[in-house]
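Sequential numbering of the sequence shown, starting at 3, is according to my numbering. Glycine is no exception: its CB is placed at the ideal position from the N, C-alpha and C atoms. In this text the structure is predicted, and so the values were computed from the model without any measurement. The next block holds one structure in the form of structure tokens; read it before the comments.
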Amino acid sequence: MHNVCLVTVDRLTDLCQTLEGDWTTSSRLEMATKLYSRNLSGTTLLVPRDPMMHINSSSDFFKICEQSTDLHFDSLAEQLKKTLAANRERNSWKADKIDEETSKLIAEGKTPPEQLVPSSALRQDPTCTVGDVYITRHSNLHKVQIVYHLVVDETLQSLEINSRHPCLAGVRNIIRTAARYNTSTIHIPLLLIDRPDESTTIAWCLKRAEMLFKCVKGYLMEVCSGMDVESLPHYNVHFVLPSGLSPTIYTAITNMFPSIFHLVPGVSS
3 MHNVCLVTVD
13 RLTDLCQTLE
23 GDWTTSSRLE
33 MATKLYSRNL
43 SGTTLLVPRD
53 PMMHINSSSD
63 FFKICEQSTD
73 LHFDSLAEQL
83 KKTLAANRER
93 NSWKADKIDE
103 ETSKLIAEGK
113 TPPEQLVPSS
123 ALRQDPTCTV
133 GDVYITRHSN
143 LHKVQIVYHL
153 VVDETLQSLE
163 INSRHPCLAG
173 VRNIIRTAAR
183 YNTSTIHIPL
193 LLIDRPDEST
203 TIAWCLKRAE
213 MLFKCVKGYL
223 MEVCSGMDVE
233 SLPHYNVHFV
243 LPSGLSPTIY
253 TAITNMFPSI
263 FHLVPGVSS
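Shown next, in the form of structure tokens:
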């Protein structure tokens, strides 16, 4: 059995924000002990393709991380540099594969397909692709130790997507990684947007929310399949909605719950 709830925030980074008075001696001790427990907490941020965006633009998340020193893990900048290096290595491997396939086709007298990005450019590209997820670890954030950075683009704000979209594959990888590394509390942006705009209609929100609900339910069933009832993991999934939506949208999304998730009467009442 899992706990599923809806929360609203102004920005996704608010889930990491340490408010004045939060860092008491007891809260610091709780955070330090939780780092080595089997009940880690993670949240999801939506980010562009450049892993160094947080540093180059002094993002809200970067500013939050800089409010206090992380004594357990590398700084955000150092962790992102490792992501950058991993991206460059991966893209170089892809470029080598493209060159191998191109040479093979030419040797067979066939015309190789035109590449959107030349292999020479791809080999030097350190950026992510849409749907990628990279992780940073923290001991100085409010009640969050793991941050999943889900790479998106601007089309996600208005485009209608299906369950095969790369970003849904990214959400699946987040849940699978959380299950593997004892992250029992996960925050997932339900609409896969940070803030609403004029294109965020009621119909669009309901369709996107229903798809995310069903996909996440399926992903949870996947990671729990094949386990004994006694050993089934228990997850707390917080679906995050941006504030500023109309009350009609919040009500309609809340009313979706019973049609998708089985509610335990003693808990839901």
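Delimiting residues of the alpha helix (DSSP H) encompassing residue i
i, result
"Leu82", "78-109"
"Ser261", "249-262"
"Asn58", "55-58"
Close-in-space but distant-in-sequence residues of the same chain around residue i (CB under 6 Å, 5 per side omitted)
i, result
"Cys67", "Leu78"
"Ser122", "none"
"Thr187", "Ser43, Asn238"
"Asn5", "Asn238"
"Thr129", "Arg51, Asp52"
"Leu208", "Ala254"
"Val269", "Since pLDDT at Val269 reaches only 49, below the 50 mark, its modelled position is unreliable, and the value read off the structure follows with that caveat. Within the same chain, Val269 has no close Cβ partners at all."
"His240", "Cys7, Val9, His189"
"Ser70", "Asn142"
Cut-off 7 Å between Cβ atoms - residues of its own chain near residue i, not counting five sequence neighbours on either side
i, result
"Gln19", "Ile66, His144"
"Ser271", "Its pLDDT being 40, under 50, Ser271 is placed unreliably in this model, and the value from its coordinates should be taken loosely. Taken in chain order, the list of residues that qualify is empty."
"Arg178", "Val225"
N- and C-terminal bounds of the beta strand (DSSP E) containing residue i
i, result
"Phe64", "Run containing Phe64: none in the beta strand (DSSP E); it sits in the alpha helix (DSSP H), 62-67."
"Asn175", "Segment 168-182 is the alpha helix (DSSP H) holding Asn175; no beta strand (DSSP E) there."
"Ile276", "Past the edges of the chain, shown from 3 to 271, lies residue 276, and the structure says nothing about it."
"Ile148", "148-153"
"His240", "238-244"
"Thr157", "Here Thr157 belongs to no beta strand (DSSP E), and DSSP marks it neither H nor E."
"Leu42", "42-49"
Whole-angstrom C-beta distance between residue j and residue i, which should lie under 8 Å
i, j, result
"Phe75", "Ser29", "18 Å between Cβ atoms; not a contact."
"Leu107", "Pro114", "4 Å"
"Ile251", "Ile204", "6 Å"
"Pro244", "Ile176", "Between Ile176 and Pro244 the Cβ distance is about 19 Å, and since that is not below 8 Å, they are no contact."
"Thr131", "Val146", "Not a contact, Cβ separation roughly 25 Å."
Test: residue i CB closer than 8 Å to a CB of chain C
i, result
"Met33", "No chain C is present in this structure, which holds just one protein chain."
In chain order, what are the residue ranges of uninterrupted beta strand (DSSP E) at least 3 long that sit wholly in the segment 185-233?
185-191
Kindly provide the ranges of any alpha helix (DSSP H) runs that are 4 or more residues long and lie completely inside the segment 11-38, ordered along the chain.
27-36
Can you confirm whether the segment 153-172 touches the segment 87-106 when touching is taken to mean that 3 or more C-beta pairs between the two stretches lie within less than 8 Å?
no
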